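Below is one structure; the comments refer to it alone.
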Amino acid sequence: MALLFVTGRAQAQCNAGLRELSTDPFTNSTSQHRTEVEPDTFAFGSTIVAALQVGRFFDGGASDIGWATSTDGGTTWSNGLLSGITKFQGSGPYDRVSDPSVAYDARHDVWLISSLALREVGGSNPPVAPAVVVSRSRDGGLTWANPAVVATGRDLDKNWTVCDTTATSPFYGNCYTQYDDVSTGDQLRMATSTDGGLTWSEAAVPSMGAAGGQPVVQRNGTVIVPLGDAYLSSVRAVTSTDGGLSYAGPVTIAPILAHTVAGNLRSPPLPSAEIDGAGRVYVVWQDCRFRSGCASNDIVMSTSSNGTAWSPVVRIPIDDTTSVVDHFIPGLAVDKATAGSSAHLGLTYYYYPQANCSTSTCQLDVGFISSSNGGASWSTPMQLAGPMSLGWLARTNQGAMVADYISTSFAGGTAHGVFALANAPSGGCGGSLLDEAVYTTRAGLVASGGSVTSSGERAVVSAGEARFPTRAPVTIR
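Residue 451 in numbering that gives the first Met the number 0 sits at position 452 of the sequence shown; the count goes up by one each step and never skips.
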């Protein structure tokens with residue numbers, strides 16, 4: 000896989016090289032192989048756990064969820080598959096699985112991977128999701144038990160789990176899972192566990208549509224959940240101050256003004272959220288408000304110290320606003336050992352060097368950028384991987400797929416981005432056997448920061464001029 004310079008601000012090349020974390024071992028004829036997509040990660044101490052879809056189906060979900068774990072800060076990795084979810088691994092009760100999310104419960108010393116369990120309904124109908132489940136590891140993410148059930152329903156979507164890891168918090172050891180109920184118009188749902196993910200209870204939540212929430216927990220136990228609305232037309236937030244019994248809100252962080260990514264690449268403008276050591280929450284998403292005519296997306300950011308008052312949206316200056324580069328699918332990390340004006344941020348993202356491209360001409364790359372002062376200024380961007388052709392990617396009913404989300408986590412002071420990357424399939428584009436897997440850098444990336452800012456920039460696209468093109472609540476599996 001080539002590492003090249005791109006059109007726009009000069010990109011530094013990553014000299015650390017890449018490490019493939021996992022490989023699709025399945026051979027069932029109903030899903031695409033060799034495909035791995037949509038990783039999430041979480042780090043605590045020197046342990047990093049990644050989870051990902053393995054064996055992607057066209058109309059939703061995968062053959063199983065894979066995992067990869069490093070106990071030495073990303074130097075070496077072990078990997079495997081979660082057992083007991085699908086019929087393809089450990090004779091699980093479900094047909095497919097999607098949407099992996101990783102968390103760690105320090106009080107109970109248990110790692111968690113939550114996922115969306117899917118069941119086929121026959122004919123040409125896409126599968127439904129009757130359950131959110133969670134797999135648990137008691138040995139540092141190296142072996143995983145059969146899953147416990149978080150929630151059941153007619154048709155659920157887009158789960159995300161986090162735990163309270165602050166020993167002085169009144170709710171230390173609580174874990175929180177956000178998901179939405181497709182059968183009721185993507186209504187928000189939250190569930191809480193106080194026993195390391197074994198059992199879960201549903202919380203009282205505002206009546207609102209939701210998609211792609213990413214809860215975070217402050218040191219005082221306050222849960223803040225940045226999320227998209229059901230149409231992905233705005234980023235909102237709800238909060239809980241009673242240990243996840245109930246949630247207040249929503250408050251609107253900002254409208255989402257998204258350029259439609261070219262080439263029929265699956266790329267919903269979902270938010271990515273993280274928190275620093277002092278409890279400031281950082282939310283990023285792809286947005287075109289700073290681009291004339293909404294011609295391409297930047298990654299933009301808003302922050303909050305309490306989940307109710309949010310800063311004005313600012314642009315992360317990966318490229319100049321006059322460039323032709325399109326940026327999307329961000330995965331944000333914040334080093335929890337840092338805070339405030341010294342907070343270290345690392346952002347992994349996908350991009351097209353040329354936004355105006357087609358299915359046959361788009362070139363897809365992976366980039367990284369960092370800040371060492373809480374996002375006030377940024378480093379020169381770095382190209383981690385690419386270019387990839389869209390014909391190398393898993394196909395879905397919502398476009399060619401690398402991910403709906405990716406992830407970056409800090410361990411030992413360095414950032415570890417994890418992302419899907421493809422090589423040319425066997426037999427060339429359109430070959431029956433793909434070569435798409437999940438990778439990270441061989442060494443963690445330092446949040447060196449830099450002097451590049453977007454200070455003083457103003458939006459040139461207003462609300463209503465550009466929105467993610469949907470007229471119905473979003474279902475993204």
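Backbone N, C-alpha and C define an ideal beta-carbon position, used for all residues, glycine too. Nothing here was measured: the structure is a model prediction, and the numbers come from that model.
Can you tell which of the options has the C-alpha that lies nearest to the C-alpha of residue i?
{"i": "E464", "options": "S303, H258, D275, R265", "result": "H258"}
{"i": "W202", "options": "T176, G195, D194", "result": "First, the residue type needs correcting, since residue 202 is Ala and not Trp in the sequence shown. The shortest Cα separation from A202 among T176, G195, D194 belongs to T176."}
{"i": "C287", "options": "L269, D325, S450", "result": "D325"}
{"i": "S105", "options": "T198, A130, F41, Q186", "result": "According to the sequence shown, residue 105 is Ala rather than Ser. Selected option, being the one with the closest Cα: F41."}
{"i": "L363", "options": "H415, G385, S357", "result": "G385"}
{"i": "S453", "options": "L420, D318, T395, L392", "result": "D318"}
{"i": "T29", "options": "V222, T22, R95, S45", "result": "R95"}
{"i": "M207", "options": "T221, V215, L226", "result": "L226"}
{"i": "P125", "options": "N355, G59, L80", "result": "G59"}
{"i": "G184", "options": "T142, Y230, V161", "result": "Y230"}
Report the three-state DSSP secondary structure of residue i (helix, strand or coil).
{"i": "L432", "result": "strand"}
{"i": "V181", "result": "helix"}
{"i": "C293", "result": "helix"}
{"i": "G398", "result": "coil"}
{"i": "L392", "result": "coil"}
{"i": "G54", "result": "strand"}
{"i": "G339", "result": "helix"}
{"i": "S477", "result": "Residue 477 falls outside the range modelled here, since the chain spans only 0 to 476, and no answer is possible."}
{"i": "H326", "result": "strand"}
{"i": "A261", "result": "coil"}
{"i": "L2", "result": "Note that L2 scores 38 on pLDDT, short of 50, meaning its location in the model is unreliable; the coordinates nonetheless yield the value given after this. Here L2 sits in coil by DSSP."}
{"i": "L244", "result": "coil"}
{"i": "K157", "result": "strand"}
{"i": "E35", "result": "strand"}
{"i": "S453", "result": "coil"}
{"i": "N27", "result": "coil"}
I'd like the list of long-range same chain contacts for residue i, defined as Cβ closer than 8 Å, with 5 residues on each side in sequence excluded.
{"i": "G339", "result": "D275, A277, R279, G373"}
{"i": "R18", "result": "W76, Y438, T439, T440, R441"}
{"i": "R290", "result": "H258, N296, D297, T320, V459, V460"}
Skipping 5 residues on each side, what residues in its chain have a beta carbon closer than 6 Å to that of residue i?
{"i": "P254", "result": "S233, A462"}
{"i": "W110", "result": "V48, Y103, S136, G140"}
{"i": "L420", "result": "A384, Y438"}
{"i": "Q481", "result": "Nothing about residue 481 can be reported from this structure: the residues present for the chain run from 0 to 476 only."}
{"i": "R457", "result": "none"}
{"i": "T193", "result": "N173"}
Are the C-beta of residue i and some C-beta of chain D separated by less than 7 Å?
{"i": "T474", "result": "The structure shown has no chain D; it contains just one protein chain."}
Just grab the DSSP bridge partners of residue i for me.
{"i": "V299", "result": "W284, R314"}
{"i": "H415", "result": "S408"}
{"i": "P254", "result": "S233"}
{"i": "A362", "result": "Checking the displayed sequence, the identity of residue 362 turns out to be Gln instead of Ala. Partner(s): S388."}
{"i": "T151", "result": "A130"}
{"i": "A67", "result": "A49, N78"}
{"i": "A61", "result": "R55, V96"}
{"i": "F367", "result": "T347, M381"}
Report all residues from its chain with a CB closer than 7 Å to the CB of residue i; omit the five preceding and five following residues, and keep chain order.
{"i": "K157", "result": "D98, Y178, D179, A210, G211, I475"}
{"i": "I252", "result": "P225, V234, R235, A236, V282, S301, W309"}
{"i": "T240", "result": "T221"}
Problem - Unbroken stretches of the beta strand (DSSP E), 3 residues or longer, contained in the stretch 163-232 - result: Segments of the beta strand (DSSP E) lying fully in the stretch 163-232: 174-180, 186-192, 222-227.
Handout entry: Segments of 3+ residues assigned as beta strand (DSSP E) that fall wholly inside the stretch 109-136
Key = Correct list: 109-118, 127-136.
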